[in-house]
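Asks: Residue numbers (the numbering used here), protein chains in the order written: chain S, 177 to 340; chain L, 750 to 1249.
#1: Step through the CB atoms of chain S and report whether any lies within less than 8 Å of the CB of residue 766 of chain L.
#2: What residues of chain L sit near residue 227 of chain S, judged by a beta carbon separation below 7 Å?
#3: Report the three-state DSSP secondary structure of residue 243 of chain S (helix, strand or coil).
#4: Does residue 182 of chain S come out as helix, strand or coil in the three-state DSSP assignment?
#5: Which stretch, first to last residue, makes up the alpha helix (DSSP H) that contains residue 1175 of chain L?
#6: In terms of alpha-carbon separation, which member of L:1230, L:1242, L:1246 lies closest to residue 900 of chain L?
#7: Roughly how many angstroms separate the alpha carbons of residue 1200 of chain L and residue 825 of chain L, rounded to a whole number?
#8: State the start and end residues of the unbroken alpha helix (DSSP H) segment that holds residue 852 of chain L.
#9: Would you identify the three-state DSSP class for residue 988 of chain L, choosing helix, strand or coil?
#10: By the 10 Å Cβ neighbour count, where 16 or more other Cβ atoms means buried, how is residue 1207 of chain L classified, buried or exposed?
#11: Taking the alpha helix (DSSP H) that residue 1030 of chain L falls in, what are its first and last residues?
#12: Reducing DSSP to helix, strand and coil, say where residue 1088 of chain L ends up.
#13: Is the distance from the Cβ of residue 870 of chain L to the Cβ of residue 1007 of chain L below 8 Å?
#14: Residue 867 of chain L by DSSP, collapsed to three states: which one?
#15: From residue 1190 of chain L to residue 953 of chain L, what does the alpha carbon distance come to, in whole angstroms?
#16: Among all the DSSP beta bridges, which residues are the ones paired with residue 930 of chain L?
#17: Mapping the DSSP letters down to three states, classify residue 1122 of chain L as helix, strand or coil.
#18: Which word fits residue 322 of chain S, buried or exposed, when buried means at least 16 other C-beta atoms lie within 10 angstroms of its C-beta?
#19: Compare the Cα-Cα distances from residue 936 of chain L to each of S:239, S:204, S:182, S:218 and report the closest residue.
#20: Do you know offhand how far residue 300 of chain S's Cα is from residue 962 of chain L's?
#21: Using CA atoms only, rank isn't needed, just tell me which of L:955, L:1075, L:878, L:1019 is closest to residue 1158 of chain L.
#22: Using only CA atoms, which one of L:877, L:923, L:862 lies nearest to residue 223 of chain S?
#23: Given that a residue counts as buried once 16 or more other Cβ atoms are within 10 Å of its Cβ, and exposed if not, what is residue 974 of chain L?
#24: At 8 Å on the CB atoms, spell out the chain L contacts of residue 268 of chain S, in chain order.
#25: With distances taken Cα to Cα, identify the nearest neighbour of residue 1016 of chain L among L:1076, L:1035, L:1001, L:1037.
#26: Is it buried or exposed for residue 1196 of chain L, if we count other Cβ within 10 angstroms and need 16 for buried?
#27: How would you label residue 272 of chain S, buried or exposed, when you count the other beta carbons within 10 angstroms and need 16 or more for buried?
#28: Under 8 Å by Cβ, that's how I've got residue 845 of chain L and residue 778 of chain L pegged, so tell me the actual separation to the nearest angstrom.
#29: Looking only at its chain, what residues have a beta carbon closer than 7 Å to the beta carbon of residue 774 of chain L, apart from the 5 residues adjacent to it on each side?
#30: Which of the three DSSP states is assigned to residue 1113 of chain L in this structure?
#31: Is residue 221 of chain S close to chain L? Criterion is C-beta to C-beta, closer than 8 Å.
#32: Within the 8 Å Cβ cut-off, does residue 806 of chain L reach chain C?
#33: Check the Cβ-Cβ distances between residue 300 of chain S and every residue of chain L, and say whether any is below 8 Å.
#34: Could you tell me whether the Cβ of residue 181 of chain S comes closer than 8 Å to any Cβ of chain L?
#35: Closest to residue 1093 of chain L by C-alpha separation, out of L:1216, L:889, L:1240, L:771, would be which residue?
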């Protein structure tokens, strides 16, 4: 297998972000106990973050050596977002984000029902009725198996306590 | 001893345990077969559900899921050229060309029989060699555990794919995630930023669900419009002549699988790739050539990855070190159930060891039954549109992440790791080293510091200890050898030697 010789759009931006992330991680690791001793709690985090920093620099060097991709929007950050997070994925991530925020508020049943219905409707595009039936059936199955059969504790809502 | 041995057949005659093991195996086959639902993810989700169960029931389910899941990945690899699990990557190389010739049913049948054979070899190794390793392991010092961790972390080289630097970065990231929380030795906060939630650390199961399950689900959003592939499935039971022909190859591959599985940090995926490589090197005049539907290329990885299951349990039960990512999850479950996998397990709770051995054997029996049946139904489930599968994976992942400590923050972490893991994967970073780092990092940290304190913070004494003790010396030599074998210089030397 040969390595790609042309950059994926946004690859350089991502590599730079990783270098910055690794540098911040090293700074935070150093803040734990500094270089005060060989058996201090900060030694391993510093070792790990230093490894990350060096390897991210190697990754960045490798990316910079690749040929530039075909010009797109002209903005590196916009290229990165367009490549790594296309519209449909952003919509999915937004749905999931709304779901995880809603979970502790509305409880598992209501939040999951809303999430499954919207996700099936938006992604499968078979109409609201199909999405409704499918989400009700799958949520019923999940609830039956995990809550009723396996006795798993599911998130309960704080907005409507006792309801879900 | 006899009382403990009685646990060997406990699950074979207890109807409830029999049912749970069977259900786990069946679930494992189907979960393992669905791309994006890894065995690790299935095990981590299921384990969180078994926290309130008695330990035998929990272990029965997990063993079934593990055995079934490692095998299940082969089905989609053969039918659709999409390995359902990392351990089935090598299987796809020759399995899919066989399916393209209309021999999918026979390929699945042969895979099932050879997987069971491999699984049994692995279990026998576990039964006969684990006690020996356990006796030996009691003598292990902190520095020896550190060395074991270092050997395990070397797997990053094999998991890195095209870029070693990316693998190393991922491994370092995993170690950092594993460090979050109060230091277990000094109670000093590490990366807690004053947050009480972070002081408790990030459970590695949350990281696993995020990096494996959610990241893979998000990756699959790109493939929403791809049509479901149809496949003809006819003959299932393999020919006796094929079983005879590939028997010895399967035995050898099982040996490779057992040994690789027993090495800390290695699992079925590496075992399968090495066994495939071995089959390729040792088969003379292959017809058809490897990569074009040679059955040897199907038998070797499948026997090896299932043998690796038994192998992976050896370091887990005797040293408390994960053989692979799934056994790492199982270790977590054992701790939650109040057990301590490690050198004392065999002396303090020997019944648990024999129960596991017997249960893995039972799971393999179920694998033979379920593996040779339900192929037609299976293809229908796999053909389920991704638009339905992805939201369901997200809901199951949220349930799994929450169930660990009933903490909503873990669901946020899961999503964060999932999105980050998705972007990392998109730019060619392997996520497996992250999990390796999360698992091995804290172990290496604690043992390094104990060893350093034992050497009174003197670097000279610390290093001398690595060569002055027989166990440490052997492990140090093994580490250096494995490290050197990953360097380009070594590969060049081997290539030159082969050429001459």
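Every residue gets a Cβ at the ideal spot worked out from N, C-alpha and C, and that includes glycine.
Replies: According to the structure data:
#1: no
#2: 917, 921
#3: strand
#4: strand
#5: 1157-1175
#6: L:1230
#7: 46 Å
#8: Looking at the DSSP string, residue 852 of chain L is not in any alpha helix (DSSP H), and its letter there is neither H nor E.
#9: coil
#10: exposed
#11: 1017-1031
#12: coil
#13: yes
#14: helix
#15: 11 Å
#16: L:939
#17: coil
#18: buried
#19: S:218
#20: 20 Å
#21: L:955
#22: L:923
#23: exposed
#24: 967, 970, 1139
#25: L:1076
#26: buried
#27: buried
#28: Contact flag wrong, Cβ pair sits at about 19 Å.
#29: 813, 816, 817, 1112, 1115, 1116, 1119
#30: helix
#31: yes
#32: Among the protein chains of the structure shown, namely S and L, there is no chain C.
#33: yes
#34: no
#35: L:889
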